[in-house]
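Quick mapping for you: the protein sequence lines, in order, are chains A and B. So for the first sequence, UniProt numbering puts the first residue at 1; every next one is plus one. So for the second sequence, UniProt numbering puts the first residue at 1; every next one is plus one. Built from N, CA and C at the ideal position, the CB exists for glycine as well. In this text, all values refer to a predicted model and were calculated from it rather than measured experimentally.
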Amino acid sequence: MKRRKFDIAAAPANTGRAVDERFQVATPLRRLLNKVFPDHWSFLLGEIALFSFIVLLLTGVFLTFFYEPALTEVIYNGSYAPLRGTPMSVAYASTLDISFDVRGGLIMRQMHHWAALLFMAAIVVHMLRVFFTGAFRKPRETNWIIGSLLFWVGFLAGFTGYSLPDDGLSGTGLRIASAIMLSIPVIGSWVTAAVFNGEFPGTIIISRFFIAHVLLIPGLLIALISVHLGLVFKQKHTQWPGPGRTNANVVGERMFPRYAIKQGGFFMVVFGVIALLGGLFQINPIWLFGPYEAWVVSAASQPDWYVMFLDGSTRLMPDWQIDIPIGDGYVIPPLFWPTVVLPGILVGLSTLYPFLEARYLKDYRSHNLLQRPRDVPFRTGLGAMAVTFYVVLTLSGANDVIADKFQISLNAMTWAGRIGLLILPPLAYYVTYRICLGLQQHDREVLAHGVETGIIRRLPDGRFVEVHQPLSAADGNGHGELDYAGWVVPKKMNRLGALGPAIRGFFYPIEKPVEAPVSPGHPPVEPRAEREEIGSGETRS
Amino acid sequence: MSRQTEQSAGQEPFDVDDPRLTRFDVVREGARRDDIEIVHYEPQVVAGSKAERRLVRTVAGFFLLTGLAATAFLVIYIWWPWEYQPGRGGDKLYTPLLGLTLGVALLAVGFGILTWGKKLLPKEVSIQDRHGGVSTEDQKITGQTMAYMVDELGVKRRPLLGVSLLAGLAPVGAVVAAPLVGGLISDPHKDDQMMTTGFAPRDGQKIRLVREDGRPIRPADISAGGQITVFPGVEHGVSNRYADSPALLIHLRDADAEESRRNNERAGHGDYMWGNYAAYSKICTHAGCPASLYEQQTNRLLCPCHQSQFLITDNAKPIFGPASRRLPQLPIEVDAEGYFVARSDYTETVGPDFWERP
Numbered sequence: 001m002k003r004r005k006f007d008i009a010a011a012p013a014n015t016g017r018a019v020d021e022r023f024q025v026a027t028p029l030r031r032l033l034n035k036v037f038p039d040h041w042s043f044l045l046g047e048i049a050l051f052s053f054i055v056l057l058l059t060g061v062f063l064t065f066f067y068e069p070a071l072t073e074v075i076y077n078g079s080y081a082p083l084r085g086t087p088m089s090v091a092y093a094s095t096l097d098i099s100f101d102v103r104g105g106l107i108m109r110q111m112h113h114w115a116a117l118l119f120m121a122a123i124v125v126h127m128l129r130v131f132f133t134g135a136f137r138k139p140r141e142t143n144w145i146i147g148s149l150l151f152w153v154g155f156l157a158g159f160t161g162y163s164l165p166d167d168g169l170s171g172t173g174l175r176i177a178s179a180i181m182l183s184i185p186v187i188g189s190w191v192t193a194a195v196f197n198g199e200f201p202g203t204i205i206i207s208r209f210f211i212a213h214v215l216l217i218p219g220l221l222i223a224l225i226s227v228h229l230g231l232v233f234k235q236k237h238t239q240w241p242g243p244g245r246t247n248a249n250v251v252g253e254r255m256f257p258r259y260a261i262k263q264g265g266f267f268m269v270v271f272g273v274i275a276l277l278g279g280l281f282q283i284n285p286i287w288l289f290g291p292y293e294a295w296v297v298s299a300a301s302q303p304d305w306y307v308m309f310l311d312g313s314t315r316l317m318p319d320w321q322i323d324i325p326i327g328d329g330y331v332i333p334p335l336f337w338p339t340v341v342l343p344g345i346l347v348g349l350s351t352l353y354p355f356l357e358a359r360y361l362k363d364y365r366s367h368n369l370l371q372r373p374r375d376v377p378f379r380t381g382l383g384a385m386a387v388t389f390y391v392v393l394t395l396s397g398a399n400d401v402i403a404d405k406f407q408i409s410l411n412a413m414t415w416a417g418r419i420g421l422l423i424l425p426p427l428a429y430y431v432t433y434r435i436c437l438g439l440q441q442h443d444r445e446v447l448a449h450g451v452e453t454g455i456i457r458r459l460p461d462g463r464f465v466e467v468h469q470p471l472s473a474a475d476g477n478g479h480g481e482l483d484y485a486g487w488v489v490p491k492k493m494n495r496l497g498a499l500g501p502a503i504r505g506f507f508y509p510i511e512k513p514v515e516a517p518v519s520p521g522h523p524p525v526e527p528r529a530e531r532e533e534i535g536s537g538e539t540r541s
Numbered sequence: 001m002s003r004q005t006e007q008s009a010g011q012e013p014f015d016v017d018d019p020r021l022t023r024f025d026v027v028r029e030g031a032r033r034d035d036i037e038i039v040h041y042e043p044q045v046v047a048g049s050k051a052e053r054r055l056v057r058t059v060a061g062f063f064l065l066t067g068l069a070a071t072a073f074l075v076i077y078i079w080w081p082w083e084y085q086p087g088r089g090g091d092k093l094y095t096p097l098l099g100l101t102l103g104v105a106l107l108a109v110g111f112g113i114l115t116w117g118k119k120l121l122p123k124e125v126s127i128q129d130r131h132g133g134v135s136t137e138d139q140k141i142t143g144q145t146m147a148y149m150v151d152e153l154g155v156k157r158r159p160l161l162g163v164s165l166l167a168g169l170a171p172v173g174a175v176v177a178a179p180l181v182g183g184l185i186s187d188p189h190k191d192d193q194m195m196t197t198g199f200a201p202r203d204g205q206k207i208r209l210v211r212e213d214g215r216p217i218r219p220a221d222i223s224a225g226g227q228i229t230v231f232p233g234v235e236h237g238v239s240n241r242y243a244d245s246p247a248l249l250i251h252l253r254d255a256d257a258e259e260s261r262r263n264n265e266r267a268g269h270g271d272y273m274w275g276n277y278a279a280y281s282k283i284c285t286h287a288g289c290p291a292s293l294y295e296q297q298t299n300r301l302l303c304p305c306h307q308s309q310f311l312i313t314d315n316a317k318p319i320f321g322p323a324s325r326r327l328p329q330l331p332i333e334v335d336a337e338g339y340f341v342a343r344s345d346y347t348e349t350v351g352p353d354f355w356e357r358p
């Protein structure tokens, strides 16, 4: 018998065959490789959140190796000289150790914090994208709800993590959180006592927050993110309208290799930016704040940015205390409204919005095509209103710093916030609504009259007119018959191919430049046949 | 250049082993089987062209930069002096250098991959069917299947089964919740803890006011217009165990003290001051931050967390911001040895408000 030689070239095929005979994966694998994804820069915002979350998991695991969640009092004796001999909690001392006595610990801590800020920021911007383009509509309401839950769970993750170092700032935050829980009518004191195991601060809160921060909340986040991505995969991504795009198809590129490669590269970029932030930009220098002591606080103690709107709402709230004269008398403190009721309303409104809008518009169909914000002025207006509301609250969360830096009265800042909170959102709605209508009108105008060429012509009677390049064969009055297609209308001659493509090369052209088809200043050309059907600025060369 | 796919009617049946087929043909057929039509497929660079060589050099350059930066990271990580030294020193550059090298390494590999994917790979436009349509027939069949399962169980005919199962399982659910809830519950009013602070007299002994370092205070220690944070002179009195206790002891100027006494009289706190000295809880009645910014000229106490302002000469009444309740006043006097003591505990609840606050 001749011994068969091992053929290395046939090895992948043989392995593949062997695997498929056992698991029947060939067809599903091909489906996965071939899955089509539409591409647009705004679809990448959610990815930033996902990638930040991965960085959070990686750096977070590192931190748990060195952090000790305990409020036992110790005398600090580490490397950081200014705090030596200070009594502090083990939690604070171990965080100092991470910053000064663990090699590379500080960059991990700072990357963790920066990644958390980026995570929340990306969630917010991603939600704005989804909101303004109507991507939350049927059949994607579930994913919208999961997304808004992710914001609040991320908020909790951020707050519990912020509290762990037990430094001066985080202790103050915890104190306010306990006051917020206390303010809940009827059960407030019981809730607080249950969380803190007695009176604030007690001795167990840090270990409870620790297990919440490293196990319960991340577990919940992972579960929610998995369902979120699973639904995106199952329901397929929304797409912008455009040539060939309908409600029943997906136009884009297949997932592998190009789309996946771009995702991988983008992950590395996000990771790299977080590394740069973590190394070059100091964040939460807890050694400057000192250990938490209930009687110490400094001005300008601001929370992380995503908590600032709650801080702002608390500052703006007037001192409306409700006394209930039953029995011994009961109290609803003013703190209850801006910190418990307001977030409750926000959660409710954002969760219900897709259903409220569908009901208002009586639109119960499935939508896979996105809408440009200008085409739905009322929704864009509502969004602008919400953003304004949020920005006023966030700025008010820093109103003492603003007052200090700009030499404004602190009380004036508070009043400006109170008045602004009521007046600016409706104003933003009105202005946004008008801008949307204006943009719509301009789109229609260009479709009817053509693109401004910048060429001024003097008529025989002495008038000056600007020459317009019609987008379609014009009728006698120079009016075309193009319908608005829900997508970008070209408004510059460059977008119509009036200029040649850009010449490539940094110092000198690497290829012979293509001849420009139309020289600038050339009189309007007859529209080419292929342009007639498009309402899009996409060039398809 | 571009390879437009054209679907000619009456194509011959597809045979994957047909030697005339290119690999792309097979790929396209696979895509078709997944309801994907590759309508546009176009290489971005001509093979062997100058542009291609240039892009390849760029990508390779990025990857090599990654290797360089990553090596630099390792070298710095191992050999750079990293232990904290007071003052300026090389150790302050340790974290920035790590961040810089790690960031550059990751960004470079990212840009390398992106350039590879975006510039060197062919551009394509594919169209996939969404299959959004739902089959009402399938819905009905599944519905009937599930209804049949209920029939098989026969709960309708044998209602006792359902009722008894519920009756049996409901307590089991409670059993799951009970240890968690029961373990967490803690009576907030145990030992009257929400109403008492470290200043409550112990065994008839009045508690001294002490500084942060534990020393007691004589009236002469504070000049007129001055103030000092005071703690109960008990074991661990200066610690977070007595987080509700700290007070601000203020030496008012004569005129302010006069006004203050008048206002105290009205509030029923006539004898809470001692001479020109008054002590108010430092824990804000709004959210529990220390209200610690004292403005001497206006006698206002400002809480830096939410800007509640309290007028000290008017019995620490809230005059601006979200706080709705006075800071509780600590009744004080001077004992036989000439040190400040608390005559009793605060007579109002200290700290943030809650539902059953008396």
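Ala-179/A is the residue among Lys-362/A, Pro-185/A, Ala-179/A whose C-alpha sits nearest the C-alpha of Thr-314/A. Only those residues of the segment 25-57 of chain A whose C-beta falls short of 8 Å from the nearest C-beta of chain B are listed: Arg-30, Arg-31, Asn-34, Lys-35, Val-36. Taking all protein chains shown into account, Asn-14/A has fewer than 16 neighbouring C-beta atoms within 10 Å of its C-beta and is therefore exposed. When the Cα atoms are used, Ser-223/B and His-251/B turn out to be separated by approximately 7 Å. If you check each beta-carbon in the segment 97-121 of chain B against every beta-carbon of chain A, the ones closer than 9 Å belong to Leu-97, Leu-98, Gly-99, Leu-100, Thr-101, Leu-102, Gly-103, Val-104, Ala-105, Leu-106, Leu-107, Ala-108, Val-109, Gly-110, Phe-111, Gly-112, Ile-113, Leu-114, Thr-115, Trp-116, Gly-117, Lys-118, Leu-121.
With contacts defined by Cβ atoms closer than 8 Å, Tyr-92/A and Pro-334/A do not form a contacting pair. For the segment 89-102 of chain A, the beta-carbon criterion of a distance under 7 Å to any beta-carbon of chain B is satisfied by Phe-100. Counting only runs that start and end inside the segment 252-326 of chain A, the beta strand (DSSP E) elements of at least 3 residues fall at 322-324. As summarised for the segment 245-328 of chain B, the continuous beta strand (DSSP E) elements at least 3 residues long and confined to that stretch are 247-251, 277-281, 293-295, 300-302, 309-311, 317-320, given in chain order. Secondary-structure assignment with DSSP links Leu-330/B through a beta bridge to Ala-279/B. For chain B, the residues of the segment 398-430 of chain A that bring a beta carbon within less than 8 Å of one of its beta carbons are Asn-399, Asp-400, Leu-410, Asn-411, Thr-414, in chain order. About 7 Å separates the beta carbons of Cys-305/B and Thr-172/A, which is inside the 8 Å limit, making them a contact pair. Between Val-446/A and Lys-491/A the beta-carbon gap is near 6 Å, inside 8 Å, which marks them as a contact. Under a 10 Å Cβ-count criterion, Ile-419/A is classified as exposed, with fewer than 16 other Cβ atoms of the shown protein chains found around its own Cβ.
Cβ proximity to chain A below 9 Å picks out Asp-187, Pro-188, His-189, Lys-190, Gln-193, Met-194 from the segment 187-208 of chain B. Between Lys-138/A and Ser-366/A, the C-beta gap is smaller than 8 Å, which places the two residues in contact. Assignment of Glu-73/A by DSSP, reduced to helix, strand and coil, places it in the strand class. Taking 8 Å as the CB threshold, Trp-305/A stays off the interface with chain B. Taking the CA atoms as reference points, Arg-157/B sits about 20 Å from Leu-169/B. Comparing C-alpha distances from Ile-207/B to each of Leu-302/B, Ser-245/B, His-269/B shows the shortest one belongs to Ser-245/B.
Contact between the segment 410-417 of chain A and the segment 306-322 of chain B is established, with three or more Cβ pairs separated by less than 8 Å. In the structure shown, the three-state DSSP call for Gly-454/A is strand. Of all residues in the segment 283-307 of chain A, only Tyr-292, Glu-293, Ala-294, Trp-295, Val-296, Val-297, Ser-298, Ala-299, Ala-300, Ser-301 come within less than 8 Å of chain B when Cβ atoms are compared, listed by chain position. Of all alpha-carbon atoms in Pro-82/A, Leu-96/A, Gly-46/A, Leu-44/A, the one lying nearest the alpha-carbon of Pro-69/A is that of Leu-96/A. The C-beta separation of Gly-272/A from Gly-110/B comes to about 6 Å, placing the pair in contact by the 8 Å criterion. If the five residues before and after Glu-83/B are omitted, its C-beta is found closer than 7 Å to the C-beta atoms of Asp-91, all from its own chain and listed in chain order. A check of alpha carbon separations from Leu-102/B across Asp-461/A, Leu-427/A, Ala-275/A, Ile-408/A identifies Ala-275/A as the nearest. Its Cα nearest to that of Ile-78/B, the residue Tyr-94/B stands out among Gly-173/B, Asp-129/B, Tyr-94/B, Glu-137/B. Burial check for Asp-151/B: the Cβ neighbour count within 10 Å stays below 16, so the residue is exposed. For Asn-411/A, the secondary structure class from DSSP, reduced to helix, strand or coil, is helix. In the three-state scheme derived from DSSP, where H, G and I count as helix and E and B as strand, Glu-124/B is classed as strand. Secondary structure of Ala-81/A (DSSP, three-state): helix. Contact of Arg-158/B with chain A by beta-carbon distance below 9 Å is absent, the smallest such distance being about 36 Å. Along the segment 61-91 of chain B, the positions whose C-beta sits under 7 Å from a C-beta of chain A are Tyr-77, Trp-82, Glu-83, Tyr-84, Pro-86, read in chain order. For Val-467/A, the enclosing beta strand (DSSP E) starts and ends at 464-469.
Put simply, of His-286/B, Asn-315/B, Ala-287/B the residue whose alpha carbon is nearest the alpha carbon of Arg-300/B is Asn-315/B.
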